[in-house]
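**Q** Sending over a structure as structure tokens; questions will come in a sec.
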Amino acid sequence: MSRENLVLKVKPEWCKGCNICVHFCPTNVLELDEDNKIVIARPDDCIKCGLCELRCPDFAIYLEGDENEDEK
Ligand code: SF4
Ligand code: SF4
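Counting in the numbering used here, the sequence shown tops out at residue 74, every number present.
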């Protein structure tokens, strides 16, 4: 599966607002909202590098395969 088919997803209810992913994202995609929960502020800038998923201690952000993709 190519990286282009991955989709960035977040679980704000799992996010503790540590800001790690916001700092590690090389293209400044992420922000925390007023409740200190993760927001994908600029999804078009995401290069699907996976650094946010790798660094998040709470599994609140991850890349997932696009379910619309035909993999059969
Ligand atoms: S996958 Fe990479 S570019 Fe996309 S939000 Fe995470 S750290 Fe940023
Ligand atoms: S690294 Fe995880 S817990 Fe920390 S702000 Fe990002 S999504 Fe939230």
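Where is the CB? At the ideal position from N, CA and C, for every residue including glycine.
Measure the alpha-carbon distance for VAL9 versus ASP68 and round it to whole angstroms.
**A** In a straight line, the C-alpha of VAL9 is about 6 Å away from that of ASP68.
**Q** On the premise that CYS20 lies in contact with PRO45, defined as a C-beta separation below 8 Å, what is that separation, rounded to the nearest angstrom?
**A** At roughly 21 Å, the Cβ-Cβ gap does not stay under 8 Å, so PRO45 and CYS20 are not in contact.
**Q** In angstroms with no decimal places, state the Cα-to-Cα distance between LEU34 and SER4.
**A** Rounded to whole angstroms, LEU34 to SER4 spans 28 Å at the Cα level.
**Q** Quick test of your reading: CYS48 and THR29, contact by CB under 8 Å. State the CB separation rounded to the nearest angstrom.
**A** Right, the Cβ-Cβ distance comes to about 7 Å (below 8 Å), so this counts as a contact.
**Q** Can you tell which of PHE26, LYS50, GLU6 and ALA43 has its C-alpha closest to the C-alpha of PRO14?
**A** For PRO14, the nearest C-alpha among the options comes from ALA43.
**Q** Does any heavy atom of ligand 2 sit closer than 7 Å to the C-beta of ASP37?
**A** ASP37: no, Cβ never under 7 Å from ligand 2.
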